[in-house]
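Report on the structure given below.
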Amino acid sequence: MRKYMSYLLSVTVLISLVLAACAPQATPTPEPTKVPTATPVPTEAPTATPEPTKGPPDLTGETITIYHFGDLSGPYAAITAPLIHGAEDAVKAINEAGGLYGATLDIKFADTAGSIDEAVAAYDRFTGEDDNPLVMITYGSGEVEALAQRFATDKIVNISAGLSARGFYIDSGYTFGLGPIYPDQIGAVMAFLKEDWATYKPAGAEDDIKLAHLSWPTAFGQGSLTEESRAYLADLGIEVVAEETYDLSPTADTTTAILNAQAAGANVIWTNTLAFGVSVVLNDLHALGLRDQFVVASDNWGMDLATYAFLAEPAFGVGLISPFPYLWWTDTDNPGVQYAQQLFVANERPAAEHNVGYLLLIAGVDMAMKAMEHAIGTVGYENLTGEAVHDALVAMSPFEALDGVVRADYSAGSRSPHMTQIRMIQGGPDAFVVLQDWTETPDLRPSE
Amino acid sequence: MSALRPAGEFDTSYARDMATIRRPWQWGLLLASIAALYMLPSLASQSLVSLVNRIGISIIAVQGLNLLTGYTGQISLGQAAFMTAGGYISALLVNNAGWSFFAALPVAALGAGIVGLVFGLPSLRVKGFYLVMATLAAQFIIPWFTRNAFPEVLNRAQGLNVQVPVLFGVEFSSPQRYLYITVTVLILSTIAAHNVSRSRLGRALVAIRDNDLAAEVLGVNLFKYKLQAFFLAAVYAGAAGALAAHNIRHLNSETFNLTDSVFYMGMLVVGGLGSSLGPFFGASIVQLLIEGATLFGPFFTRLFPSTAAGAVQALRPLFFGITLMFFLIFEPRGLAHRWYLFKAAWRLRPFSH
Amino acid sequence: MNWQLVPQFVITGLLAGGPIALTALGLVLIFKSSYIFNFAQGQLLLMGALITWWLSVERGFPLGVAVLLAVVLSALLGLAIERLALRPMTGQPLLSIILMTLALSQVLQGLALLLFGGAQRNFPQMFSASNPYRITTPFVFNGQPIVVILKQNLTWSFVVAVLGVLVIGAFFRFTKTGLAMRGTSEDHELAQSIGLRIHRIFGLSWALAGVVATVGGILLATSSGLDLSLSVVVLAAFPAVLLGGLESIPGTIVGGLLIGLSQGLVAASRATIVRNAAEIMPYIVLLIVLLFRPEGLFGRKRIERI
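The listed protein sequences derive, respectively, from chains A, B and C. The first sequence maps to residues 4 to 451 in the working numbering. The second sequence maps to residues 2 to 354 in the working numbering. The third sequence maps to residues 43 to 348 in the working numbering.
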């Protein structure tokens, strides 16, 4: 009987492996390690940096590795895949265009499943393997906050899509953002609404803006209301009447939060979430018939394709206002956007990944490239360290990544960009309409 | 558990009879192993040292669980929650009150012990499966508390950045340096756990496990000893949690979650309930399995590309679950039992019994 | 306390208790016959919902067909689990059984992640998402009558869940197989001695639990999406089972509704920390139940014989 059981169990294991092989194409595959050569890709690279002091060296045969880690199997899985693919496709294209002065660029990924423990383990693994890591890209606010000190101590440049104020400015020093920190974002949008409240206010609303902050309870979700941003809102005369949280899950029920916000008299809802975090609020607002009583605003990640994947009806997205510190696929007159579009098509990425993450990471890799080129130009390849790349980023500022897709300024101790547009959804994903063109956000950095 | 000895060997004193380590070569082996552990940081790679750190912390947590589940028979799914409690207490003492980590560690362990005591109170009324549910409640209530109570101090769901332990100016920020702390605490905890199992307390706990009605009739105060068991288990968990918190240097309500509690129970069963060796075997095997899953992941992804996303994270619970199922069906007494059988067979050779 | 919100939250809380009751039903089914508490019920829910999604979205079956197929498949899954994992555990101590279902939960969770990936996905909507039902209550606040707004999803999930419990309850009471299952749950040896094949009954109860889990999973996923965390969301059903009584089918409805109600009432409070306690209300209720009436409202007190 026992023997029979052990055979049966082994057979079960084998069957499960076979099932895994025949499994449905649920999510696209991230390419784990080596970047393969592939289909023809445009050879035009983004605009070069201003001339460095020495002539470009020849680094053929060298390999420069950059690392990235993010959540591919936990709560943020849906939106991490396009980010990863954007980075990997960008690296592949750079290699095909000749690499970094001839050196091959390699990119390595680790899946953190949304757990900080895993992120630290991945960090330890990468630093154990590589004795001179230059750049690491991270995607989550929680990870950025936990690792900021390590990046600063070990002098590794961290380019981050997790735009947490704490991660950038407290116990930090080497973490650079691809967008403005969330306190800056909420400040910018609220200031914009306050200026033009008469145009945007809901029918029957008071003349004073009353803000309800409905968000996830995570580092990311709570990243917008800091001491500095609260003070700024108070200065603007905006009262935060409700702060509610809801589960980090597409099955979250935000009815309680919305009704409590309504009971407190709110007329603007800010949600510092993305994808399903924004959709659940919009869905529930429509389901409760309360959508027209609020102006709904979110952080930059909210205005994106991923949100549409979870909206009960695409029309529910209309009216969302967000800061937009980059360009969008519809800005086809921009050469950087065209380049990204070519990469997207050449790598046959699925339509669901045609979103902000993909575009932004191509810009992010471009930023890293520019910094490394500048650093090589300044100190030479033999002295290329994370510290040199850090200094390069500061020295180059202000600059534009990917021909203006991202406008960065890392001078004067600021490690996050301050320029953003403000856009509103007025249709489908092709209708992210610019309400306010590139303006500087308020500077709501925490004091260290 | 007296070892089998060849005929003709007798002990001449009670001390010798009770001794765990009886022969000089056993002392030598023990000291050599400890020396090897302490020399590991200078000899091994960073990832290996990191792994040994994690194994060590798991062993401490499982030793606590062993006292509660292995010796007393009270099943607990709340060990990770008590680790959270210990971690937070230690982090707050070091960050906010400026204590040294080495002073905060015992206090954090004691604090976690008290929390464990509180959640052990249902053992007065219920036992068996109902007690499991009570510990499950602890596994949800304690993280909730850290997420919602005292937001200025506990920082809600974002958690705390924990400071590096410092002793006489030496910062224990790298895995290599941290290993010294881990090994030292592990040695102390092993001595303590082993001695508890051989003391009056340990015998009372075993009596409760084997037949609590008979134990009560014999005069063992069930409630008092069950509470002590919960306290001790939580003390160990608190120590492990504080160690882990200062190792990762970040702590939030999700760092030690229900899955970890399940994994610790699994480690205990795989290693062997009710024996001092059990936690060592169990924690090592399961952590190695987890590492194996991480390393096997990319290979698996290449074999079955359609499962790529999340394959690494999926293989861990899969490997763990299947291993645990195997052990439950074929060797429920765990690896420690196999080890004893092996030792006995070796000693009794060429006779089989 | 926001009194004007109380009617709304009380009713939505009660409605949310429906799917909880359905999950609790799956647990009770298994416990009633084989005295095993299935910690993997959440993962069964998840697998059921994932299989339905796969069949309807990836393979293109119409939703009704997909649901039926998924129900059949999950019944088979339940049978397989009983035969492979739980059969060797007969006669083993409680610890082994609990750990076996825990191991099972890990294996299923890992399989779900492996086969379907971690990304969240939209589930085909069965009910309209934007026309809520409105009920005007006789209470008045600020001169306006209080209107309770009910999402269609929530309402119909409740209806289906209660129907499910009633159907299973009727099955137990009025059919021969149900009678056999009740007999088995009384005493295994006696049941065997009168000729009931208890292993078949165990298998049947697991299959039924699988079916119930799939229905519950679909109901929950319809609300706003399918995510791997579904298996953890249903942990709230465990206190519902204990509250109602481990072996009582009517107890599952009462337990589920009461848990939902407690969460709803707490949500109407003014104090933020009380509102946030909604997620652990099930466990607080659980601790209260354990302290005062461990056998639950409808359960039988077990007398331990020496």
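Note that the Cβ used here is the ideal one computed from N, Cα and C, for glycine as well.
Please confirm whether residue 61 (chain C) and residue 262 (chain C) have their CB atoms less than 8 Å apart.
Yes, Cβ-Cβ distance for residue 61 (chain C) and residue 262 (chain C) is below 8 Å.
I'd like the span of the beta strand (DSSP E) that includes residue 73 (chain A), first residue to last.
Element bounds for residue 73 (chain A): 66-73.
Per-residue contacts from residue 133 (chain B) into chain C (C-beta, under 7 Å)
Near residue 133 (chain B) (Cβ distances below 7 Å), the residues of chain C are 140.
Tell me the DSSP bridge mates of residue 404 (chain A)?
Answer is A:409.
When you compare only the Cα positions, how much space is there between residue 279 (chain B) and residue 64 (chain B)?
Cα to Cα, residue 279 (chain B) sits roughly 8 Å from residue 64 (chain B).
Would residue 112 (chain C) count as contacting chain B if we go by Cβ distances under 8 Å?
So, not an interface residue.
For residue 83 (chain C) and residue 255 (chain C), believed in contact at Cβ under 8 Å, the rounded distance:
In this structure, residue 255 (chain C) and residue 83 (chain C) form a Cβ contact; the two beta carbons are roughly 6 Å apart against a cut-off of 8 Å.
Indicate whether at least one CB of chain B lies closer than 8 Å to the CB of residue 88 (chain C).
Answer no: the Cβ-Cβ gap between residue 88 (chain C) and chain B never drops below 8 Å.
CB-CB under 6 Å to residue 268 (chain B), same chain, minus the five flanking residues each way: which ones, in chain order?
Cβ contact annotation for residue 268 (chain B) (same chain, cutoff 6 Å, sequence separation greater than five): 63, 283, 284, 287, in chain order.
Could you tell me if residue 159 (chain C) is buried or exposed, where buried requires 16 or more neighbouring beta carbons within 10 angstroms of its beta carbon?
Counting of Cβ neighbours within 10 angstroms places residue 159 (chain C) among the buried residues, the total reaching 16 or more.
Residue ranges of each alpha helix (DSSP H) within the segment 136-219 of chain A, 4 or longer:
Listed in chain order, they are 144-157, 168-172, 185-198, 200-203.
When the Cα of residue 156 (chain C) is compared with those of B:345, B:320, B:312, which residue comes out closest?
Minimum Cα distance to residue 156 (chain C) is reached at B:312.
Compute the Euclidean distance between the alpha carbons of residue 326 (chain B) and residue 194 (chain B), then round it to the nearest angstrom.
Rounded to whole angstroms, residue 326 (chain B) to residue 194 (chain B) spans 27 Å at the Cα level.
Can you list the residues of chain C that residue 141 (chain B) reaches, using a CB-CB cut of under 9 Å?
Simply 277, 321, 322, 324, 325.
Proximal residues of chain C, C-beta to C-beta of residue 283 (chain B) below 9 Å
Per Cβ cutoff of 9 Å: no residues; residue 283 (chain B) is ~12 Å from chain C at best.
Do you know offhand how far residue 416 (chain A)'s Cα is from residue 309 (chain A)'s?
About 33 Å.
Use the C-beta contact count for residue 132 (chain C): other C-beta atoms within 10 angstroms, 16 or more gives buried, fewer gives exposed.
Burial call: exposed.
Check the Cβ-Cβ distances between residue 76 (chain A) and every residue of chain C, and say whether any is below 8 Å.
By this cut-off, residue 76 (chain A) is an interface position.
Closer than 8 Å at the beta carbon, the chain C residues around residue 119 (chain B)
By Cβ distance, chain C contributes nothing, its closest Cβ being about 11 Å from residue 119 (chain B), past 8 Å.
Just checking, does the segment 207-223 of chain B make contact with the segment 77-97 of chain A on the three C-beta pairs under 8 Å criterion?
Taking 8 Å as the limit for Cβ pairs, the verdict is that the segment 77-97 of chain A does not touch the segment 207-223 of chain B.
Given residue 392 (chain A) as reference, the closest of A:218, A:370, A:404, A:448 once Cα atoms are compared:
Nearest to residue 392 (chain A) by alpha-carbon distance, out of A:218, A:370, A:404, A:448, is A:370.
Touching by the beta-carbon criterion (3+ pairs, under 8 Å), the segment 216-230 of chain A and the segment 174-194 of chain A
The answer is yes - the segment 174-194 of chain A touches the segment 216-230 of chain A, with three or more Cβ pairs under 8 Å.
Less than 6 Å between C-beta atoms, sequence neighbours within five positions excluded: which residues of the same chain meet that for residue 166 (chain A)?
Counting only Cβ-Cβ distances below 6 Å, and skipping sequence neighbours, we find 180, 182, 184, 185.
Which residues in chain C have a C-beta closer than 8 Å to the C-beta of residue 313 (chain A)? List them in chain order.
Residues of chain C with a Cβ closer than 8 Å to the Cβ of residue 313 (chain A) are, in chain order, 162, 164, 266, 267.
Just to confirm the assignment, what range does the beta strand (DSSP E) spanning residue 396 (chain C) have?
Shown here, chain C extends from 43 to 348; a query on residue 396 (chain C) therefore has no answer.
Please identify the residue among B:264, B:270, B:127, B:275 whose C-alpha is closest to the C-alpha of residue 291 (chain B).
In terms of CA proximity to residue 291 (chain B), B:264 leads the group B:264, B:270, B:127, B:275.
With burial defined as no fewer than 16 other Cβ atoms inside 10 Å of the residue's Cβ, what is the status of residue 302 (chain A): buried or exposed?
By the neighbour-count rule (16 or more Cβ atoms within 10 Å), residue 302 (chain A) is buried.
Within 8 Å of any Cβ in chain A, is that where the Cβ of residue 97 (chain B) sits?
Using beta-carbon distances, residue 97 (chain B) does not count as an interface residue toward chain A, since no partner is under 8 Å.
Delimiting residues of the alpha helix (DSSP H) encompassing residue 227 (chain B):
223-249 is the extent of the alpha helix (DSSP H) around residue 227 (chain B).
For residue 41 (chain A), would you say it is in contact with chain B, using Cβ-to-Cβ distances shorter than 8 Å as the test?
Here the model assigns residue 41 (chain A) a pLDDT of 37, short of 50, so the residue's position is not dependable and the matter cannot be decided.
Under the three-state DSSP convention, the category residue 303 (chain C) falls into:
Residue state, collapsed to three classes: helix.
Just to make sure I have the definition right: I need the residues of chain C whose C-beta is within less than 9 Å of the C-beta of residue 280 (chain B). Which are they?
Near residue 280 (chain B) there are no residues of chain C at all, since even the closest Cβ is about 16 Å away, more than 9 Å.
Three CB pairs or more closer than 8 Å across the segment 235-249 of chain B and the segment 87-96 of chain B
A contact exists between the segment 235-249 of chain B and the segment 87-96 of chain B.
Skipping 5 residues on each side, what residues in its chain have a beta carbon closer than 7 Å to that of residue 29 (chain A)?
In this predicted model, residue 29 (chain A) has a pLDDT of only 33, less than 50, meaning its place in the structure is not dependable; the value taken from the coordinates is given anyway. Cβ within range, chain order: n/a, list empty.
Cβ-based neighbour list, residue 267 (chain A), same chain, cut-off 7 Å, excluding 5 preceding and 5 following
Closer than 7 Å at Cβ, skipping near neighbours: 215, 244, 245.
Nearest by alpha-carbon distance to residue 189 (chain C): which of C:346, C:340, C:99, C:47 is it?
Closest by alpha carbon: C:47.
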